[in-house]
Structure formats: C-alpha cells, structure tokens
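Worksheet: one structure, shown below.
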Amino acid sequence: MKNFTQRLTTLDLASNQIGTIGGQHLANALRNNTRLTALDLASNKIGPIGVQHMADAIRNNTTLTTLDLKYNQIGAVGTQHLVGALRNNTTLITLNLRKNEIDAKGAQHLGDALQNNT
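For what it's worth, our numbering labels the leading residue of the sequence shown as 117, then goes sequentially.
Here is the structure:
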C-alpha cells in the first residue's frame, strides 16, 4: 500500500458522505502528503468545520494545485477559513466552491483574498 500512496497524484472522492470527521481525517493526511496535486471532495457534506481542517492542511501545502469542494455546505464561515489558507498557499490554481451556500459576507471574504492573488 505504501508504494501506491507514494505515486498517487489525483484522488476523486466525490459523493461519498465523508462528512466533517472524514474531512478532518483527509486534512490530517494531506498535511504530510507531498505528491497529491488534485483532490475532489465534491458533494460530501464536509461543512464549515471540515473545511476549517482542510484549510489548515492546505495553508502550507506546496503540491496541491486543484481542490474541488463544490456542494459541501461550507457557508460564509467555511469560506473565511479557506481565505486564511489562500493567503499563504501559493500553489493552488483551481478551487471549485460551487453550491456552498456562500452568502454576501463569504463573497466579500473571497473578494478580499483575490485582490492579493498574484
């Protein structure tokens, strides 16, 4: 199994009911992973707490370039956590947040972060 995880660069776990706790476990694994470049967690009900763990994991990650979090009910609170991570992360190129109940406040947080996206 170790060789498999050392070569894995793309992981698609969309629509698997991972939830908050599963999101936390994946975030913990992502902190030490130096190979994964694409992670699809769409439609997993990760919520704002699970996204907080994910944000902490990607804050200093230098390999992940694509993260799909659509349909995860993260709301404005989850968006705020992601924005904090995006300020530090310089490798993430694609972030999908479609259908996450992001309100005007969450959009403002994202807008503020995007102003510094260079």
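Quick reminder that beta carbons are idealized off the backbone N, C-alpha and C, glycines included. Please read all numbers here as calculations on a predicted model, not as lab measurements.
Quick check on D128: buried or exposed, where buried means 16 or more other Cβ atoms within 10 Å of its Cβ?
exposed
Which of helix, strand or coil DSSP assigns to A192:
helix
Going by beta-carbon coordinates alone, are K161 and G194 separated by less than 8 Å?
no
By the three-class DSSP mapping on this structure, what secondary structure does L226 have?
helix
Closest residue to L183 among L213, T206, V199 (Cα-Cα distance):
Ranking the options by Cα distance to L183, first place goes to L213.
Specify the secondary structure class of N233 as computed by DSSP and reduced to three states.
coil
For L155, is the classification buried or exposed, using 16 other Cβ atoms within 10 angstroms of its Cβ as the cut-off for buried?
Counting C-beta atoms within 10 angstroms of its own C-beta, L155 has 16 or more neighbours from the protein chains shown and is therefore classed as buried.
Return the CA-CA distance between N173 and L146, expressed in angstroms with no decimal places.
According to the sequence shown, residue 173 is Ala rather than Asn. Taking the straight line from one Cα to the other gives about 6 Å.
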